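Step one of this worksheet: look at the structure below.
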Amino acid sequence: MDHAMPAPARARRRHVTRWVAGAVLVVLVAVAVVAATRPSSQATEVQSPLVGHRAPALTGTTLGGRPFALASERGHYVYVNFFASWCPPCQQEQPALVDFAFRQSRVASGARMVSVVFNDTVAGARRFVADWGLRWPVVPDSGGAIANRYGVGSPPMTFLVAPSGVVAGTWIGPVTVAQLDQMLVAARRGELFSGGTGTGNG
Amino acid sequence: MLPAVLGSAGVWLALVGALCGVVVCAAGLVRGRVPSRLDARLLAVVVLVGALLAVGAMEVALVTHDFHLVYVADNNATATPLIYSITGLWSSLAGSILLWGLVLAVFCGLVVWRYRRRAHDDVVRWATLVMYAVAAFFFGLMVGPANPFLSSAAPLRGAGPNALLQDNPLVAIHPPLLYTGFVGFTVPFAFAIGMLATGRVGEQWQAEVRRWTLISWTALSVGIVLGAWWSYQVLGWGGFWGWDPVENAALLPWLCGTAYLHSVLVQERRGLLRVWNLSLSIATFALTILGTFLTRSGVVVSVHAFSESDLGPVLIAFFLLVVVSGFGLIAWRGDRLRSPVGVDAPLGREGAFLVNNLVLVGFAFVVLLGTLFPLLYQALENQAVTVGAPYFDTVAVPAGLALLLLMAVAPALSWRKVDAGVLWGRLALPAWSGVVVVVACVAAGVRGVEPLLGFGLAAFAAASALRSLVLAVRASTRRGAGPWRGLVGRTNGGMVVHLGVVVLAVGLVAASSFRSQAELVLRPGKVAHFAGHTFMFEGLRTVDTPQRLATEAIVRVDGGGPFTPAVSQYGGPSSQAVGTPAIDSGFFGDVYLTWDATGRTGKSTGGNVVATLPKTAIALGAIVEPLMGWMWAGGMLVGLGGLLAMVPGTRRRATDPVSALAPLVAGAAPDPGSRPGSEPEPEPEPEPVPEPARLASES
Amino acid sequence: MAERTKAPRAVAGRVSFVLALAALAVALVIGSGVTSPAALTPAARAAALDTKVRCPSCEDSSVAQSQAAQAVAVRHEIARLAAAGESDRAIEHRLVAQYGPSILLEPADSGLASLVWLLPLAAGCLAVGGLAVFFWRRSRSWRRLRTEAPA
């Protein structure tokens, strides 16, 4: 049937089909293996590019009416936590934050805390602060400018700012006391820390 | 509790039926052509009955709000209206697999019924075996990781469907059509495996497969367009396509299926591209499985993805099985399937189809790469990367323009080779209409090379398709067959599809290139002007039904209406509020309204505009999109064309007149591949296989 | 097709073809806007950038499409920077420094990420090259057949 094609050409082309099919197969199997071994996207942690760099400006008037500036906290470890009252993981992590803040307040060189309201009404934030008993400065973020500077896509997200003013660690998603401790220990050793459960705003 | 028991029984029945089907078909293949006492045909009925039982039980549970079933409790509430109770079947993972199973059972039944008199043909045996195997896999999922009939002893509280899945009736049509499309591609795959395994790559079988593909393709096309329409009406950003992984998962099989529908014509007419066509059938099916994996495993970030599940590894394993068996068979059989003749000249219609296939498959490759790239990059570099709309658009625009050009030129090309003078004679009128449209657009003030080329090529392609249709209608009238005969059949239906694609493309180009968007701050009774339209805000009203609690803004656009963009809560005051857009649709374009913010409630959306909003005012998002409605009309025309193409057309000469050299190229031996009837016989004989090949296949 | 008037028709066809191409070219040149280039205002630049930046709190829609609070915030930031005269590149760099590379909807054109651009390019070249070789070989064997066995 194959009169039009000389025999050597036919042999060569036969191999072309086989090689092409084989190559496609190998590539697809490799891709499938990568896909199969990937964790779910919700569990993949995202690293903040801010770690190791100077912390962006954070100034404003707290819900209590006092002025706040991160720059004036220089010399202390400061946790910056972004939250919203409508975000369940934020509610989930508040007891840990309150507990941790209480214990740090009793240590001489303890870390300080500041919370930033992420896309929420002032009324909602006030209720949230009262409900969970937050006793540290809470800064509303009108227009989302602070969240934008810190690259926060969805709350909760926690940053640890070293006494030098450099971001020493981040945690994406709800945080526990152990993780907050771990972050602080790493920062005191001069290590940078990135982690998270990446659960986003659920 | 009864639905849970009946449903589980149905799933098990279908699973056992499918497994028995696999065994019986395999036994038939091993024992050769001797009619077996066991009949695999009846098992299709068993599978179908099982699937119907399971789906029926689930629907009864949904409609009667039987919250003993975990699935019903998760996707239904007592207040859910009947239509959204019914659609609850496919609003979540386990139920959607159940729907998949039902559609697959129907296709199994149709295949077995259509080839009931040829059940002992080895190709049919292999094909039914594959169908049963795929069915067994999906029903296996339902007794394992995706069990829709998990129940709890005490009735749970119904959470209600996702808010976005209960405010538009399109959710009743779009997913079943999409699933018909996806699942239907199992049939071409099954026959591709059958043909490869038996070594009989008859053009007649491909003609059969083409019909099955056409059914799925039409359903998938309409499903995709309706899906785009749904997201346009519901999601509130005025767009319809976001290159989301789940959307891409539907587009990929469509691209491959479209390529197949064109290249199979080359095989039917000229006996060419056999390996290519089989590869496309396999790739199309493999892509539907990959799409299922992407949608349901949670490995890619997507707004449409189902909730996280442990289906991922199972689905990817099945994908691997499909790919390895399909492409493994091609690697093994590839030599035997080679075509005896080649494409002759770049200008012939074969050449156009070849280029068309390269564009479609190349585009599919880019879409696949872009969809999987974040996954691969994260695995290699441990860093997130986004591949979004700008990337896909970079490729989609030139690919779309190239396809429009091919649609314009290809219908005027003859098979084999065409003389340039004759070609210009056929193309002059369509080409000039394209040029006239471009000139008219420029004169009317349209600026931008891409939209101008889009409109011009669309006019060119439309005129070309219309020319073919007019000639066909005229010819069939002359024959006395009635003018409607000129609109049915493969070629003419295809031209109607082309017209639909052109209408869709015009809408797409106009709406995406010339949309204008603004945020209008309006007080009650005041009028605003934007993009040639006037907007008047009349006031707010509250809508409170058991299903929905909403505040609507009453807006008149150009005096018409009222249109009511709203903020709605489905499932009580504590549930998440979603925006409900309102659309003023017209022939020349749409005005799309969203309610972005209001001063009265003090609800901040974070923007600076909102901070300064007066107490009684609202911030109204207005998007003006010219010719938007053409997209949906074009999509429906594509569906109509697909249906017309399914109707058997008039018998034609086997081939168009060819140049005198043709027999020399084809060789002295009669070439069965190049001369099939242009419409398949209802009972195609297996293609005569060259002797050595047959021997090899039986050894 | 009637072939009697072939020669004059062929000439007329060729003239018509050239005319159509010329008309198209002129219309496209006028329509492309090169005759009256609009100055690239900061607002236009910001609008173009908006389509390339992912909304931080969404999955994969751009800040131009999204009404989410963070999208609005990023939009305002881009508009501010563009008005302040920062180049597109500088604005993109700034966003990447805050959010990481996944904030951009297009992967970078350097490093491993550039594969997403290079692979389609390579595939395209391969396809066009393969097609050219295929047609060339076909037409050659066709010509040879014609000379060996004239009809």
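Protein chains in written order, with the numbering used here: chain A, 93 to 294; chain B, 21 to 719; chain C, 79 to 229. Every residue, glycine too, gets a C-beta built ideally from N, C-alpha and C. Since the model is a prediction, treat every value here as computed from it, not as a measurement.
Problem set entry | Option nearest Gly-654 of chain B by Cα separation, candidates B:Ala-525, B:Val-438, B:Ser-251 | Minimum Cα distance to Gly-654 of chain B is reached at B:Ala-525.
Exercise. Within the 9 angstroms Cβ cut-off, does Ala-269 of chain B reach chain A?
Worked result: no
Exercise. What residues in the region 386 to 416 of chain B bring their beta carbon closer than 7 angstroms to a beta carbon of chain C?
Worked result: Val-386, Leu-389, Gly-390, Phe-393, Tyr-397, Leu-400, Glu-401, Gln-403, Ala-404, Val-405, Thr-406, Val-407, Gly-408, Ala-409, Pro-410, Tyr-411, Val-415
Exercise. For Pro-159 of chain A, which beta-bridge partners are listed by DSSP?
Worked result: A:Thr-153
Exercise. If we cut at 9 angstroms on Cβ distances, does Gly-202 of chain A have a partner in chain B?
Worked result: no
Exercise. To the nearest whole angstrom, what separates the beta carbons of Ile-302 of chain B and Phe-339 of chain B, a pair I think is in contact under 8 angstroms?
Worked result: Between Ile-302 of chain B and Phe-339 of chain B a beta carbon distance of about 12 angstroms is seen, past the 8 angstroms cut, so the two are scored as non-contacting.
Exercise. Does any residue of chain C bring its CB to less than 9 angstroms from the CB of Val-244 of chain A?
Worked result: yes
For this session: Given a cut-off of 9 angstroms, decide if Ala-127 of chain A and Val-319 of chain B are closer than it, judged by their beta-carbon atoms.
Result: yes
Exercise. Quick one: Cα of Leu-149 of chain B to Cα of Val-266 of chain B, how far?
Worked result: 30 angstroms
For this session: Evaluate contact between the region 44 to 52 of chain B and the region 272 to 289 of chain A, counting only Cβ atoms and requiring at least three cross-stretch pairs below 8 angstroms.
Result: no
For this session: Give me the Cα-Cα distance between Arg-110 of chain A and Pro-141 of chain A, rounded to the nearest whole angstrom.
Result: 46 angstroms
Exercise. Using a Cβ-Cβ cut-off of 7 angstroms (strictly less than) and excluding sequence neighbours within five positions of Arg-174 of chain C, which residues of its own chain qualify?
Worked result: Here residue 174 of chain C is Val; the residue named in the question, Arg, does not match the sequence. Around Val-174 of chain C: Ile-181, Leu-182.
Exercise. Rounded to a whole number of angstroms, what is the C-alpha to C-alpha distance between Asn-211 of chain A and Lys-546 of chain B?
Worked result: 30 angstroms
Exercise. Using Cβ-Cβ distances below 7 angstroms, what residues of the region 122 to 144 of chain C are close to chain B?
Worked result: Thr-129, Lys-130, Arg-132, Glu-137, Asp-138, Ser-139, Ser-140, Gln-143, Ser-144
Exercise. Does Leu-335 of chain B have its Cβ less than 9 angstroms from a Cβ in chain C?
Worked result: no
Exercise. How do the region 237 to 252 of chain B and the region 643 to 660 of chain B stand: do at least 3 beta-carbon pairs fall below 8 angstroms, yes or no?
Worked result: yes
For this session: Express the C-alpha separation of Pro-248 of chain A and Phe-175 of chain A in angstroms, rounding to a whole number.
Result: 5 angstroms
Exercise. What residues from chain A crowd round Val-211 of chain C, counting only those whose CB sits closer than 9 angstroms?
Worked result: None at all; the shortest Cβ gap to chain A is about 12 angstroms.
Exercise. For Gln-537 of chain B, which of helix, strand or coil comes out of DSSP?
Worked result: strand
Exercise. Expressed to the nearest angstrom, what Euclidean distance is found between the alpha-carbon atoms of Gly-214 of chain B and Gly-207 of chain C?
Worked result: 33 angstroms
Problem set entry | Contacting residues, own chain, Cβ-Cβ under 6 angstroms from Thr-278 of chain B (five flanking each side not counted) | Leu-380
Exercise. Which bits of chain B does Gly-114 of chain A rub up against, with CB to CB less than 7 angstroms?
Worked result: Ala-351
For this session: Consider the Cβ of Gly-178 of chain C: report whether some Cβ of chain A lies at a distance smaller than 9 angstroms.
Result: yes
Problem set entry | 9 angstroms Cβ cutoff met for Trp-232 of chain B and Pro-208 of chain B | yes
Problem set entry | Rounded distance between the beta-carbons of Met-651 of chain B and Leu-528 of chain B, thought under 8 angstroms | 6 angstroms
Exercise. With distances taken from CA atoms, which of B:Arg-294, B:Asp-330, B:Phe-305, B:Ser-28 is nearest Leu-113 of chain B?
Worked result: Checking every option, the nearest Cα to that of Leu-113 of chain B belongs to B:Asp-330.
For this session: Using a Cβ cut-off of 8 angstroms, pull out every chain B residue sitting near Pro-185 of chain C, in sequence order please.
Result: In chain order, Phe-393, Tyr-397, Val-405, Thr-406, Val-407, Tyr-411 make up the part of chain B whose C-beta sits under 8 angstroms from the C-beta of Pro-185 of chain C.
Problem set entry | Cutoff 7 angstroms; reference Gly-643 of chain B; Cβ partners in own chain excluding five residues on either side | Just to set this straight, residue 643 of chain B is Ile in the shown sequence, not Gly. Correct list, in chain order: Gly-258, Arg-535, Gln-537, Tyr-612.
Exercise. Is any beta-carbon of chain C found at less than 9 angstroms from that of Leu-39 of chain B?
Worked result: Taking Cβ atoms only, chain C never reaches closer than 9 angstroms to Leu-39 of chain B, which makes this a no.
Exercise. In chain A, which residues lie less than 7 angstroms from Glu-155 of chain C when you measure between Cβ atoms?
Worked result: Within chain A, the residues near Glu-155 of chain C are Asn-240.
Exercise. Is the CB of Thr-136 of chain A under 9 angstroms away from at least one CB in chain B?
Worked result: Interpretation of Thr-136 of chain A is limited by its pLDDT of 48, a score under 50 that renders its predicted location unreliable; the figure taken from the coordinates is listed afterwards. Judged by the 9 angstroms Cβ criterion, Thr-136 of chain A is in contact with chain B.
For this session: Grab me the residues of His-282 of chain B's own chain with a C-beta within less than 7 angstroms of its C-beta, minus the 5 sequence neighbours each way, in chain order.
Result: Result list for His-282 of chain B: Phe-373, Asn-376, Asn-377, in chain order.
For this session: Just the chain C side, please: which residues come within less than 9 angstroms of Cys-17 of chain B by C-beta, in chain order?
Result: Chain B is shown from 21 up to 719; residue 17 of chain B falls before or after that span and cannot be answered.
Problem set entry | Collapsed DSSP secondary structure at His-553 of chain B in the structure displayed | strand
Exercise. Under the three-state reduction of DSSP, which class applies to Ala-254 of chain A: helix, strand or coil?
Worked result: coil
Problem set entry | Interface partners of Ala-151 of chain C on chain A, CB under 7 angstroms | Gly-235, Gly-236, Ala-237, Ala-239, Asn-240
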